[in-house]
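Worksheet for the structure shown next.
There are 2 protein chains.
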Amino acid sequence: MFYFIGLGLGDAKDITVKGLEIIKKAERIYLEAYTSILTVGKVELEQFYGRDLIVADRQLVEQDADSILDGSDVKDVAILIVGDPFGATTHTDLFARAAERGIKCKVIHNASILSAAGCCGLQLYNFGETVSIVMWEDGWYPESFYDKIVGNKTRGLHTLCLLDIKMKEQSVENMMKGNKIYEPPRFLKCKDAITQLLTISEKRKDTVLNPDTFCIGLARIGWDSQKIVAGTMSLLQNFDLGPPIHSLVIPGKMHFLEEELVKQFAVNTDVST
Amino acid sequence: MFYFIGLGLGDAKDITVKGLEIIKKAERIYLEAYTSILTVGKVELEQFYGRDLIVADRQLVEQDADSILDGSDVKDVAILIVGDPFGATTHTDLFARAAERGIKCKVIHNASILSAAGCCGLQLYNFGETVSIVMWEDGWYPESFYDKIVGNKTRGLHTLCLLDIKMKEQSVENMMKGNKIYEPPRFLKCKDAITQLLTISEKRKDTVLNPDTFCIGLARIGWDSQKIVAGTMSLLQNFDLGPPIHSLVIPGKMHFLEEELVKQFAVNTDVST
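For the record, the sequence lines run as chains Z and G. Here the numbering used here = 1-based position in the first sequence + 79. Here the numbering used here = 1-based position in the second sequence + 79.
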């Protein structure tokens, strides 16, 4: 059996009892290490599980899925994925390849930012399409996420914006030379995502998103250091939520009960500047 | 501290290690028992945790939240909720009341159908607004869910439809007489939800949803008996997915990789009739 095991959002103890039991007895255990992060690293996880882990980077998962799956028709092999196994798109390739090879799969679900985001006080039923905001760089300034947010907002729906993560990326130079040297991880912060959004709205002379638009910044959801702040874009643009991972919620039409709940996260001018 | 602890979707072992540790040491533990179900009941959970649980029905949570929160300013009190604590709307009242009283809260997130639904092969990023389909009865035939599905579909987005659950409901007669006698639990099945949708489209002479519309029925996601079937509405209208809980996914525009993954769940005519 091949197991996809979600690790949840926080630390080693966010694994489910069921997931932990499978890890204890599996033949081989991979740790997916490029679509999200936990508060703890490989070594701490290994200590907690009492098992060795094989790091599965993007290259291994996307280009050598077969070696990960090998033997799982007769023995138990598992891959550990931060959040829920189906929160990120990359693992579906592995799932498809397993199906092709007739390997039985089982998914051990866990918390995902897609549902945990409800802790900001907005009802999950009132969210529209989830949006990924990519980090602008090197002359690459995509805007498609902006249209999706505006689309949700004009229909009264909230938007959860997942912010870009760059894990184990190569510089163009190293990639050309075939050097396996990787850049340090980088993460798009809430404040910088807001700056990108306001740059687009200004350029387009659009008013749906503007400096007075109310939004909610989420940082490290499910961690002990979790932080949620709510305020106008111009306030949050100057508010540093600290270490990653950040997400940004842009409310559509809020119900008064949602407003009541969100209020507790409001920043005032003194705090935010 | 007041803890909201998600139990995930399947059985007792779907709790996280962190959640279990809190249960072991909490002063008082409530079990929310009316917005969803696990494969196991109160007694099995009590045996697994080694702790007594207090059942929190709708009346207790909605009308006597203060008694649940009492003492949590000085001791640890927890409420256990199937799925993720923020998957259902009812617990936000408790959260708001705790905030009002200045009681510190901590959320232990877990799997929710909102993210676990990704196991049907569709990308979670391509879902629009989530929809609740209510059970038609007693001359009450709401249609608002239909418009939301059509809204998503015309924008190319998938829709996750959560199907109605009636737990611990009173008959009108018993309610009038003040008898605390409850009807057996009832659940809207995929096939019946499809019948309701096709009844609306026929009445409206609408073609966005029709007997040939492709959809995916999900039953008991996260349970050992999980079942996923994909096919036209007319096929799935005659396909019984068995015991609850069911959900229905209505795809918008599918990417070819999504089509590949969904294909494995396809029913053929022989199986479905």
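Cβ atoms here follow ideal geometry from the backbone N, Cα and C, with glycine treated the same way.
Reduced DSSP secondary structure (H/G/I, E/B, other) of residue i
{"i": "F165/G", "result": "coil"}
{"i": "H170/Z", "result": "helix"}
{"i": "L242/G", "result": "strand"}
{"i": "K185/Z", "result": "strand"}
{"i": "F266/Z", "result": "strand"}
{"i": "T274/G", "result": "helix"}
{"i": "S351/G", "result": "For S351/G, the predicted structure reports a pLDDT of 35, less than 50, and the residue's modelled location is therefore unreliable. The matter cannot be settled from this model."}
{"i": "K227/Z", "result": "helix"}
{"i": "F318/Z", "result": "coil"}
{"i": "L193/G", "result": "helix"}
{"i": "D145/Z", "result": "helix"}
{"i": "I175/Z", "result": "The sequence shown places Ala at residue 175/Z, not Ile. If DSSP states are grouped into helix, strand and coil, A175/Z belongs with the helices."}
Spatial distance of residue i from residue j (CA atoms)
{"i": "V308/Z", "j": "L314/Z", "result": "10 Å"}
{"i": "E248/G", "j": "P264/G", "result": "8 Å"}
{"i": "F83/G", "j": "E216/Z", "result": "40 Å"}
{"i": "F224/G", "j": "D271/G", "result": "14 Å"}
{"i": "E365/G", "j": "Q138/G", "result": "Residue 365/G lies beyond the residue range present for chain G, which begins at 80 and ends at 352; the question has no answer from this structure."}
{"i": "G98/G", "j": "N189/Z", "result": "12 Å"}
{"i": "K103/Z", "j": "C184/Z", "result": "18 Å"}
{"i": "E123/Z", "j": "P164/Z", "result": "21 Å"}
{"i": "L236/Z", "j": "K227/G", "result": "11 Å"}
{"i": "I324/G", "j": "V140/Z", "result": "33 Å"}
{"i": "V161/Z", "j": "A175/Z", "result": "19 Å"}
{"i": "T238/Z", "j": "H334/G", "result": "22 Å"}
{"i": "G89/G", "j": "D285/Z", "result": "46 Å"}
{"i": "A359/G", "j": "K232/Z", "result": "Since the first residue of chain G shown is 80 and the last is 352, residue 359/G is not available in this structure."}
{"i": "I182/Z", "j": "K282/Z", "result": "51 Å"}
{"i": "D291/G", "j": "V229/G", "result": "15 Å"}
{"i": "A342/Z", "j": "L86/G", "result": "Looking at the sequence itself, residue 342/Z is Lys, so the reference to Ala does not match. Looking at the two C-alpha atoms, the distance is approximately 28 Å."}
{"i": "I116/Z", "j": "L242/Z", "result": "13 Å"}
{"i": "C294/G", "j": "E262/G", "result": "31 Å"}
{"i": "I192/G", "j": "K256/Z", "result": "45 Å"}
{"i": "S304/G", "j": "A196/G", "result": "15 Å"}
{"i": "K245/Z", "j": "W219/Z", "result": "15 Å"}
Identity of the residues DSSP links to residue i by a beta bridge
{"i": "A345/Z", "result": "A309/Z"}
{"i": "G85/G", "result": "I160/G"}
{"i": "T292/G", "result": "Note: T292/G sits in no beta bridge, so no partner."}
{"i": "H237/G", "result": "F206/G"}
{"i": "W219/Z", "result": "E216/Z"}
{"i": "S250/Z", "result": "DSSP output for S250/Z lists no bridge partner at all."}
{"i": "A135/Z", "result": "E111/Z"}
{"i": "H325/G", "result": "A298/G"}
{"i": "K118/Z", "result": "It should be noted that the sequence gives Thr, not Lys, for residue 118/Z. Paired residues: none, contrary to the question."}
{"i": "S211/G", "result": "L241/G"}
{"i": "T95/Z", "result": "T95/G"}
Chain-order list of residues whose beta-carbon lies under 6 Å from that of residue i (same chain, five-residue window excluded)
{"i": "C240/Z", "result": "V210, I212 and L327"}
{"i": "L288/Z", "result": "L276 and S280"}
{"i": "A167/Z", "result": "T114"}
Contacts around residue i, its chain only, beta-carbon distance under 7 Å, and the 5 residues preceding and following it disregarded
{"i": "F127/G", "result": "A91"}
{"i": "Q275/G", "result": "I212 and W215"}
{"i": "D136/Z", "result": "A112, Y113 and K247"}
{"i": "A353/G", "result": "Since the first residue shown for chain G is 80 and the last is 352, residue 353/G is missing from the structure and cannot be characterised."}
{"i": "N253/Z", "result": "I260"}
Contacts around residue i, its chain only, beta-carbon distance under 8 Å, and the 5 residues preceding and following it disregarded
{"i": "L400/Z", "result": "The first residue shown for chain Z is 80 and the last is 352, placing residue 400/Z beyond what the model contains."}
{"i": "E337/Z", "result": "G200, L201, Q202, N205 and P330"}
{"i": "D319/G", "result": "K268 and K270"}
{"i": "V346/Z", "result": "V308, A309, G310, L314, L315 and F318"}
{"i": "I101/G", "result": "Y82, I84, D155, A157 and I187"}
(request) Using a Cβ-Cβ cut-off of less than 9 Å, give me the residues of the stretch 86-113 of chain Z that come near chain G, in sequence order. (result) Within the stretch 86-113 of chain Z, the residues whose Cβ lies closer than 9 Å to some Cβ of chain G are G87, L88, G89, D90, A91, K92, D93, I94, T95, V96, K97, G98, L99 and E100, listed in chain order.
(request) Please name the residues in the stretch 187-199 of chain Z whose beta-carbon is closer than 7 Å to at least one beta-carbon of chain G, in chain order. (result) Cβ contacts with chain G: H188, N189, A190, S191, L193, S194, A195, G197 and C198.
(message) Counting only Cβ-Cβ distances shorter than 7 Å, please list the residues of the stretch 232-247 of chain G near chain Z, keeping chain order.
(response) When C-beta distances to chain Z are compared with 7 Å, the residues of the stretch 232-247 of chain G below that value are L236, in chain order.
(request) Could you run through the stretch 202-231 of chain Z and flag, in chain order, every residue whose CB is less than 9 Å away from some CB of chain G? (result) The residues in question are Q202, L203, Y204, N205, F206, G207, E208, T209, V210, S211, G230 and N231.
(request) Residues of the stretch 137-170 of chain G with a CB closer than 7 Å to any CB of chain Z: list them in chain order, please. (result) Those would be D163, F165, G166 and T168, in chain order.
(message) Any C-beta of chain Z within less than 8 Å: which residues of the stretch 326-343 of chain G qualify?
(response) Cβ contacts with chain Z come from L336, E339, L340 and Q343.
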